[in-house]
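Each residue of the sequence shown is one higher than the one before, counting from 1 in full-length UniProt numbering. Ideal Cβ positions, reconstructed from N, Cα and C, are used throughout, including at glycine. Predicted model only: the values in this text are computed from it and were never measured. Written below as structure tokens is the structure these notes are about.
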Amino acid sequence: MIVTEKSFSDQTYWEEIARCKTQFVNNEEDPLLNPYLRKEVAESWIRSKNNGVFPWTSYSKYHLTEEEWRLLKEQNERLIHIAQPLISNYLGLASTNGHSLELFDPSGAFLLGIHINISSTPVLSIVFNESTTGTTAHGLATYHKKPFQLIGPENYLDVWQNMICSAAPILDEMGEVLGTLALVQDMGEKPWEKNRSNLHVHSLGWVSSLAEAIGNQIKIQNGYDVLNEVNNDLRKATETLKIILEFIDEGVITIEPNGRILSSNHEGSRILNVHHSKIRGRNIGEFLLPKSALMGYVAANKTVDYMEEYVVNGREEKQYLVSLRPVYKQGNDELDFAILRFNHSDKINALVNTRSGAVAKFRFEDIVGQSESMLKAKALARRFARTRENLLLLGESGTGKELFAQALHNSHRPGGPFIAVNCAAMPRNLIESELFGYESGSFTGAEKNGRPGKIELANGGTLFLDEIGDMPIELQAVLLRVLQDKMVMRLGGRNYRQVDFRLITATNQDLKLLAQEKKFREDLYFRLSVLNIEIPPLRSRGFDIAILAEHFIENYAKRVGLPAAVISPEAKRRILEYNWPGNVRQLENAMIYAVNLAEDGRIMLSHLPKELFEKRTALPMVSERECDNLEELFSMKDLEKVTIKKALERSGNSVAIASDLLGISKTTLYRKLKEHNIHY
């Protein structure tokens, strides 16, 4: 129901509302059933009464403390600051009409006001809400988030019985109430009984406009704050980005679609050999070779991870790896600008793992073994690691030559790339391009931008050529030239590139014999074998077999989440007796097989692979070399002494295991050790 001039002048209308309030307070009438009373007002009366507020209540006792009042003003500082000048502009109007214009926070606490001819208790620091003063226009405006007007007896307290109160909420961007503006007019005793020309029931529209103006000012100010915060964040981000760009050792240049340079970090300016203050406005095409494909990619809006480009500054041409990222205009696919990143080709190491997948993770400490032959090999490798000479690793397949190569690399050039190439595994028609690389268009199927070869990628690090004996002889001459000149030319290229790498090769073949048979270049053999290390086969490493077996079991169990299995004495004896033609690789596979069959965490004979029981594969206690010299042995007693020593070596000086290997009791073995004066 909307209050009009007609209803305001209807004496019966207001007397009925006053009567309803009296009946309601005396629990004799439900205000929601009264046809003259608006539903929102009736509901507020009910809430007020439920809060223990009655019409005869005095509001003057509900004050804030000084500290609460101070905090309230701080919390509403912006609202007060913006509302005060707008409210002050209406001081004259308020004075003329005997109005009071007041500002409240959402809780009903008084914040600000202009009071003219109001014969009431001062309202400074008083809280007006349904819990303290019952139904008010500003309370309903806050509750319903819309303008409200109460006239005479609609106000809950008797002290406001003769007042018209128009209130409108001040809303933020989200529609939440920041405060309420209320215009109060005292009409005297029962104004509806008199013909009063100054009763402004239409003042609600004016109050609503003023509240909206205050709300708009707050929104604008909040917008300024957000904009300032965004600008500050943007400024900080820009400054941070500039600092970061100057820290990195890569050139970062932004260009327009036509190649015009927009910006560059100092490294980018240095690469182009232009003073940083003069770089803007130059065209990137000035610094590229005529055959450059870069601007073609820019025109095609392409993203390029890495492409090789030559930068020309003066007479010098330098190669860089360039990355390209297009940036589009907002709302469409039209290119706005492009970002170029120039990486130094001599710092290509960061790309090595991506391109080759090679990682040198092993060190000498990771190579398991305590046998005399293995300790000797590791000691020799540690000494050779200090030099820059080429190294040749000799040993049967599966003995761990690559582990030695990685350990040598990590001792000498751990910061550089480690590039491993298996010459036997690579197809014959691809090995040349893989090793030496190629320029764009060199052959059908070649990458459009060309590709560096393994030799080039090894620059600053180590090149490991495994199975070097299988390298095609026609490529051996090219490799020899690279080793002599430290220069490499890609297939289809015209320029040599300087390279610096340490070469480690490995083979299970007799290169010297291959050279004699003209299957391997003799001059290359001599260049490769400046230093050589022989990796012992597993069968000659004695108790290392048991140590390695336990190592492989533990590692595999951790990897797959199984408990580490224990090798039974019978299984361990078989492992020590077997001659392991596949060496360490075969032993690791056998232990993985056994762990997966083991029951109750114990590896038995039946859990070992069948190949360990085929034919007569047990290792003799005396080596072939010693068997060739048996004629030098004076007697069977000497042979027995050699055999016992071998058994002790293989068992790691374990009398229990050695006696098992010899097929005698421990008591007998102890007696023979004493007879032969063998110390262990």
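- As summarised for the region 254-289, the continuous beta strand (DSSP E) elements at least 3 residues long and confined to that stretch are 261-264, given in chain order.
- The Cβ atoms of G108 and N129 lie closer than 7 Å to each other.
- Of the residues assessed, W56 falls on the exposed side of the cut-off, its CB having fewer than 16 other CB atoms within 10 angstroms.
- Scanning E309, W45, R585 and Q498 for the CA closest to the CA of S397 turns up R585.
- Judged by beta-carbon spacing, S433 lies within the 7 Å limit of L491, meaning their Cβ atoms are closer than that value.
- Collapsing the DSSP output to three states places S166 in a strand.
- Here Q476 carries a helix assignment [DSSP, helix/strand/coil].
- Under the three-state reduction of DSSP output, H63 falls in the strand class.
- DSSP, reduced to helix, strand and coil, places K318 within a strand of the structure shown.
- Taking all protein chains in view, the Cβ of H138 is crowded by 16 or more other Cβ atoms within 10 Å, so the residue is classified as buried.
- Counting C-beta atoms within 10 angstroms of its own C-beta, A656 has fewer than 16 neighbours from the protein chains shown and is therefore classed as exposed.
- Between G450 and E439, the CB-CB gap stays under 7 Å.
- In the same chain as E29, and ignoring 5 residues on each side of it, the C-beta atoms closer than 8 Å to its own belong to C20 and Q23, in chain order.
- Judged by their CB atoms, P536 and S373 are nearer to each other than the 7 Å cut-off.
- Taking G259 as reference, the option from H275, G188, I339 and A506 with the minimal CA-CA separation is I339.
- Pairwise C-beta distances place the region 409-426 in contact with the region 454-462, as three or more of them are shorter than 8 Å.
- Rounded to the nearest whole angstrom, the CA to CA distance from V274 to M487 is 30 Å.
- Looking at the DSSP output, N532 bridges to L392.
- Within the same chain, R574, I575, Y578 and A590 come within 8 Å of L612 by CB-CB distance, once the 5 residues on both sides are set aside.
- A residue is called buried when at least 16 other Cβ atoms come within 10 angstroms of its Cβ; M163 meets this threshold and is buried.
- Here the alpha carbon of L375 sits roughly 14 Å from the alpha carbon of E649.
- Restricting attention to alpha helix (DSSP H) runs no shorter than 4 residues, the region 411-475 encloses them at 431-436 and 454-457, ordered along the chain.
- Put simply, of A167, S166, S540 and D186 the residue whose alpha carbon is nearest the alpha carbon of W160 is D186.
- Taking each of I170, T254, N332 and D233 in turn and checking the Cα distance to Q217, the smallest one comes out for I170.
- Runs of the alpha helix (DSSP H) spanning 4 or more residues and lying entirely within the region 535-607 occur at 544-560, 569-577 and 583-597, in chain order.
- Here K401 is buried, its C-beta having at least 16 other C-beta atoms within 10 Å.
- Nearest to S292 by C-alpha distance, out of D305, A300, Y310 and N283, is Y310.
- Secondary structure at I664: coil, using DSSP grouped into helix, strand and coil.
- Leaving aside the five residues that flank A141 on each side, the residues in its chain whose CB is nearer than 7 Å to its CB run, in chain order, P147, F148, A167, A168, P169 and T180.
- DSSP places H344 inside the beta strand (DSSP E), whose first and last residues are L335 to H344.
- Straight through space, the alpha carbons of N422 and L662 are spaced by roughly 41 Å.
- In this structure, the beta-carbon distance from T399 to N583 falls below 7 Å.
- Apart from the 5 residues on each side of it in sequence, G561 has no Cβ closer than 7 Å to any other Cβ in its chain.
- Shortest Cα-Cα distance from P427 to any of D225, M471, I126 and D249 involves M471.
- For I248, the secondary structure class from DSSP, reduced to helix, strand or coil, is coil.
- By the CB criterion at 7 Å, N265 and L245 fall inside the cutoff.
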